[in-house]
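Novice:
2 protein chains.
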Amino acid sequence: MDLQRTETYQEIISQTIAWEEAINVVRQTTPAFHTQWQSGHITNAIFTGCGSTYYLSLSAASFFQEMTGIPSRAVPAGELYLYPQANIPDRERTMLVAISRSGGTSETVAAVQRFQRQGSGIVVVISNYPDSPLAQLGDHAILIPAGREKSVAQTRSFASMYLAVTAFTAGLVNRNDLVDEMAGLPALGNRSINNYHDTAREIGENLDIDRFYFLGSGDRYGLACEASLKMKEMTLTHSEPFHFLEFRHGPMAMVTPSSQIVGLLSETRRTHEKAVLDEMHTLGARILSLGESETMVNFDSRLPEEIRNVLYLPVLQLLACSRSVAKGLNPDQPAHLNAVVSLDL
Amino acid sequence: MDLQRTETYQEIISQTIAWEEAINVVRQTTPAFHTQWQSGHITNAIFTGCGSTYYLSLSAASFFQEMTGIPSRAVPAGELYLYPQANIPDRERTMLVAISRSGGTSETVAAVQRFQRQGSGIVVVISNYPDSPLAQLGDHAILIPAGREKSVAQTRSFASMYLAVTAFTAGLVNRNDLVDEMAGLPALGNRSINNYHDTAREIGENLDIDRFYFLGSGDRYGLACEASLKMKEMTLTHSEPFHFLEFRHGPMAMVTPSSQIVGLLSETRRTHEKAVLDEMHTLGARILSLGESETMVNFDSRLPEEIRNVLYLPVLQLLACSRSVAKGLNPDQPAHLNAVVSLDL
């Protein structure tokens, strides 16, 4: 199979069109929601999804709490559905942000419906499908058709919804300056794809590597989770995400010379994060570092740290996609999986 | 190496002595803290630790929120230290529960010190070492010396601290009936060790298995994480934890006939959870189910679901320990690891 002929590859390299749409959609729709938000007296926020969109929720919740000061958490939709008491605070007015590419994932729909029956608060939906069941349920919906995909594994859909939630959050707290700066991201994404396309292929096609560990802290932990899931889905390779400092507390027992450690470095805490990568290098692991500067993959974006995280995604998606083809697999159709999971709940 | 001569094995099979001490210590010390708790107007709780004790925190936070209705979350101590704003709610009175076997883990100590400098709320410490730095820092400390270990990988220390946090939570909400019922757990634990010792060895010694997935939802997710970490630390085998329904959203691509799926089943949501195990069985995976009844490992405890979770631990610890010996490894000394992680922070 030729890498460039796969849907997944085409969806990855063309994704910045969906980034652009995501930012524009949020610019156009957030003002209408802003009044509801200001009068809503929201005391906490829950971000939910399944698989990739749960990982998106982890990053989104971290960013949302930092920006708004409102306690925010990510919960897998299946857990929110099965264990609402352990996850939805009593006596609080909650904003539930439900994220689903298809807008039809059964647990996410069921969790939202139960939340609404209980009258717990407001629901915001983020999806790539305007006609989906979830889109109809939301008090507010952010819909980005340009993120739609033919592949089962989410790549540009993920990035588009991630950018949408970032811009949405900035808009809610009147940081339109940040939303304006985000307009530079598509061009930066294209540059990063061009500059590091070959780096991603080189590591992806190296089949001496038999395990991947993706390290990310703060807002970047969810992105590390997502990068790890791409590796599993597309390449059937063992891979796991960890918070940087957590990796030392047990998981590093698994480090071997055939391990690839991928570090999603921040600027502000890079000393602590880089120390983990250096220690793993001395244990024999291969290291790939990504970040704004002085890393193996540099974004050189000059954008504020809190809005440029989407730049970590394309290179890591390309890495998984090229490994998939190098292993003789089809990245468009992962083993055992379907694009939408439907359960009877 | 003879399994029965390892420290880890001896610590696992003798752990119910530490369970007993944990329950007794909480009974004796919680009343003194109760007044402070009632006047503290706590609006949220954070449970923190590193590695095993972060996983303990995940289960504890879920249980604490269910029992008290107070929004509760688990945060790795490294993240709490590096990213306090994304994790500690502003303008709220927080109870921080810091859990550390040694009481000396550098990130946990640093996170507590920063929390106290910021005057964010009350600190409760749970540890096996009364003379440790953390024990001195807490406004309240729950100390269980009988949980101490010679091994690097935590087994009975984990169970003892987990029981302590369960009894402590029940005591805070005046559910002394539950604490009384917990007194039956040590005998039930011993029975489970006797009844399922051979089951654990049989699966542990089967080296045809090359990957383990531990599934648990609600309070049991953190225990699934811990069981997975034991497998990594002691046996250097690929293993990962997932929430039950999350497993279908991508990770199941990795299922093969050499996969062992271990399900920590609940009673109340078992229909949904069991459906995942059945589906993985049809994909060819091996299944081990644990639960109160109608599972491969039955507790037959007749105790309320919310207080008997500790019973999942011994069998899963034995499984890892016997696999370690079967692979020619030393379970007492995992690769690359030390019992206490010390960093310059």
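Chains as they are written, first to last, in this note's numbering: chain A, 332 to 676; chain B, 332 to 676.
Every residue gets a Cβ at the ideal spot worked out from N, C-alpha and C, and that includes glycine.
1) Name the chain A residues whose beta carbon is nearer than 8 Å to that of residue 556/B?
2) Between residue 468/B and the rest of its own chain, which residues show a CB-CB distance below 6 Å, the 5 nearest in sequence each way excluded?
3) If we require 3 or more residues per run, which beta strand (DSSP E) segments fall completely within the segment 448-490 of chain A?
4) Would you say residue 491/A and residue 537/A are within 8 Å of each other, going by their C-beta atoms?
5) Note down, in chain order, every chain A residue with its Cβ under 7 Å from the Cβ of residue 614/B.
6) Return the residues of the segment 621-636 of chain A that lie within a Cβ-Cβ distance of less than 9 Å from chain E, sorted by chain order.
7) Where residue 636/A and residue 568/A are concerned, what is the direct C-alpha to C-alpha distance, given to the nearest angstrom?
8) For residue 616/A, name the three-state secondary structure that DSSP assigns.
9) Here's the rule I'm using: 16 or more other beta-carbon atoms within 10 Å means buried, otherwise exposed. How should residue 332/A be labelled?
10) What residues in the segment 551-585 of chain A have a beta carbon less than 8 Å from any beta carbon of chain B?
11) By how many angstroms is the C-alpha of residue 559/B removed from the C-alpha of residue 581/B?
12) Between residue 512/B and chain A, is the shortest Cβ-Cβ distance under 8 Å, so that the two count as touching?
13) Counting beta carbon pairs with one atom in the segment 347-362 of chain A and one in the segment 502-520 of chain A, are three or more of them shorter than 8 Å?
14) Could you spell out where the alpha helix (DSSP H) holding residue 408/B opens and where it closes?
15) Can you give me, in chain order, the residues of the segment 394-413 of chain A that have a beta carbon less than 7 Å from any beta carbon in chain B?
16) Spatial neighbours of residue 495/A within its chain, please: CB distance less than 7 Å, with the 5 preceding and 5 following residues excluded, ordered by chain position.
17) Any C-beta of chain B sitting closer than 8 Å to the C-beta of residue 381/A?
18) If the cut is a Cβ gap below 7 Å, which residues of chain A does residue 420/B touch?
19) On a Cα-Cα basis, can you pick out the residue from 602/A, 449/A, 618/A and 466/A that is closest to residue 435/A?
20) Beta-carbon separation of residue 390/B and residue 413/A under 8 Å?
21) Kindly list, in the order they appear in chain B, the residues whose Cβ is closer than 7 Å to that of residue 459/A.
22) How do the segment 586-605 of chain B and the segment 424-440 of chain B stand: do at least 3 beta-carbon pairs fall below 8 Å, yes or no?
23) Can you tell me the Cα-Cα spacing of residue 388/B and residue 553/B, whole angstroms?
24) Taking residue 592/B and residue 546/B to be in contact with their CB atoms under 8 Å, please state how far apart those CB atoms are, rounded to whole angstroms.
25) In the DSSP assignment, what are the bridge partners of residue 379/B?
26) Output needed in chain order: residues of the segment 519-551 of chain A with a Cβ under 9 Å from some Cβ in chain B.
27) Within the 8 Å Cβ cut-off, does residue 603/A reach chain B?
28) Counting beta carbon pairs with one atom in the segment 416-423 of chain A and one in the segment 618-628 of chain B, are three or more of them shorter than 8 Å?
29) Kindly indicate which three-state DSSP category residue 690/A falls into: helix, strand or coil?
30) Name the chain B residues whose beta carbon is nearer than 8 Å to that of residue 417/A?
31) Keeping to the same chain, check which residues put their C-beta closer than 6 Å to that of residue 471/A; ignore five residues upstream and five downstream.
32) Does the beta carbon of residue 600/B come closer than 8 Å to any beta carbon on chain A?
33) Going by DSSP, what residue range makes up the beta strand (DSSP E) through residue 570/B?
34) Return no unless some Cβ of chain B is closer than 8 Å to the Cβ of residue 375/A.
35) How about residue 402/A and residue 375/A: are their beta carbons less than 8 Å apart?
36) Using the beta-carbon of each residue, which ones in chain B are nearer than 7 Å to residue 338/A?
Specialist: The relevant details are as follows:
1) Working through the second sequence from its first residue, we reach residue 556/B at position 225. At a beta-carbon threshold of 8 Å, none of the residues of chain A lie near residue 556/B; the nearest stands roughly 10 Å away.
2) Residue numbering aside, residue 468/B sits at position 137 when the second sequence is read from its first letter. Excluding positions up to five away in sequence, the list reads 443.
3) Within the segment 448-490 of chain A, complete beta strand (DSSP E) segments of at least 3 residues are found at 452-458 and 471-474, given in chain order.
4) Start at 1 with the first residue of the first sequence, and residue 491/A comes out as number 160. Start at 1 with the first residue of the first sequence, and residue 537/A comes out as number 206. No Cβ-Cβ contact shorter than 8 Å links residue 491/A with residue 537/A.
5) Here residue 614/B is taken as the residue at index 283 of the second sequence, counted from 1. Residue 614/B reaches chain A at 667, counting residues in chain order whose Cβ is nearer than 7 Å.
6) This model lacks chain E altogether, as its protein chains are A and B.
7) Reading the first sequence from its first residue, position 305 is the one you call residue 636/A. Reading the first sequence from its first residue, position 237 is the one you call residue 568/A. Whole-angstrom Cα-Cα distance: 31 Å.
8) Working through the first sequence from its first residue, we reach residue 616/A at position 285. Looking at residue 616/A - three-state DSSP - the assignment turns out to be coil, as it is neither helix nor strand.
9) In the first sequence, residue 332/A corresponds to position 1, counting from 1. The residue is exposed, with fewer than 16 neighbouring Cβ atoms inside 10 Å.
10) Correct list: 552, 560, 563, 564, 567, 569, 571, 574, 575, 576, 577, 579, 580, 581, 582, 583, 584 and 585.
11) Position 250 of the second sequence, counting from 1, holds the residue named residue 581/B. Position 228 of the second sequence, counting from 1, holds the residue named residue 559/B. Rounded to whole angstroms, residue 581/B to residue 559/B spans 18 Å at the Cα level.
12) Taking the first residue of the second sequence as position 1, residue 512/B is located at position 181. Not one chain A Cβ lies under 8 Å of residue 512/B.
13) In short, these stretches touch, since the Cβ pair count reaches three.
14) Counting from 1 along the second sequence, the entry for residue 408/B is found at position 77. If you look at residue 408/B, you'll find it in the alpha helix (DSSP H) that goes 408-413.
15) Result list: 396, 397, 400, 402, 404, 407, 409, 410 and 413.
16) Within the first sequence, residue 495/A is the residue found at index 164, counting from 1. Here the set comprises 353, 356, 357, 457, 473 and 475.
17) The residue given as residue 381/A occupies position 50 in the first sequence. Closer than 8 Å: yes.
18) One-based indexing of the second sequence puts residue 420/B at position 89. Near residue 420/B (Cβ distances below 7 Å), the residues of chain A are 402.
19) Within the first sequence, numbered from 1, the residue matching residue 435/A stands at position 104. If we check each option's Cα against that of residue 435/A, 466/A comes out closest.
20) Within the second sequence, the letter at position 59 stands for residue 390/B. Within the first sequence, the letter at position 82 stands for residue 413/A. No. Outside cutoff.
21) Translated into positions along the first sequence, residue 459/A becomes position 128. Neighbours of residue 459/A on chain B: none; closest Cβ ~16 Å, over 7 Å.
22) Output reads no: the segment 424-440 of chain B does not touch the segment 586-605 of chain B.
23) Counting from 1 along the second sequence, the entry for residue 388/B is found at position 57. Counting from 1 along the second sequence, the entry for residue 553/B is found at position 222. Taking the straight line joining both Cα atoms gives about 7 Å.
24) Counting from one through the second sequence, the residue named residue 592/B turns up at place 261. Counting from one through the second sequence, the residue named residue 546/B turns up at place 215. Going by Cβ atoms, the distance from residue 592/B to residue 546/B rounds to 7 Å, so yes, they are a contact pair.
25) Sequence index remark: in the second sequence, residue 379/B carries index 48 (1-based). DSSP output for residue 379/B lists 406/B and 429/B as bridge partner(s).
26) Correct list: 542, 548, 549 and 550.
27) Your numbering for residue 603/A matches position 272 in the first sequence. Residue-level contact by beta carbon holds for residue 603/A and chain B, with a gap shorter than 8 Å.
28) Contact between the segment 618-628 of chain B and the segment 416-423 of chain A is absent: fewer than 3 CB-CB pairs across the two stretches fall below 8 Å.
29) Because chain A here runs from 332 to 676, residue 690/A falls outside it and cannot be looked at.
30) The residue given as residue 417/A occupies position 86 in the first sequence. Chain-order list of chain B residues neighbouring residue 417/A: 393, 394, 396, 397, 549 and 550, by C-beta distance under 8 Å.
31) Taking the first residue of the first sequence as position 1, residue 471/A is located at position 140. The answer, listed in chain order, is 364 and 455.
32) Position 269 of the second sequence, counted from the start, is the residue given in the question as residue 600/B. By this cut-off, residue 600/B is an interface position.
33) Start at 1 with the first residue of the second sequence, and residue 570/B comes out as number 239. First-last of the beta strand (DSSP E) with residue 570/B: 569-573.
34) For the purposes of this step, residue 375/A is identified with residue 44 of the first sequence, where counting begins at 1. For residue 375/A, the nearest CB of chain B lies under 8 Å from its own CB, placing it at the interface with that chain.
35) As a position in the first sequence, residue 402/A is number 71, starting the count at 1. As a position in the first sequence, residue 375/A is number 44, starting the count at 1. Cβ distance < 8 Å, so residue 402/A and residue 375/A count as in contact.
36) Taking the first residue of the first sequence as position 1, residue 338/A is located at position 7. By Cβ distance, chain B contributes nothing, its closest Cβ being about 17 Å from residue 338/A, past 7 Å.
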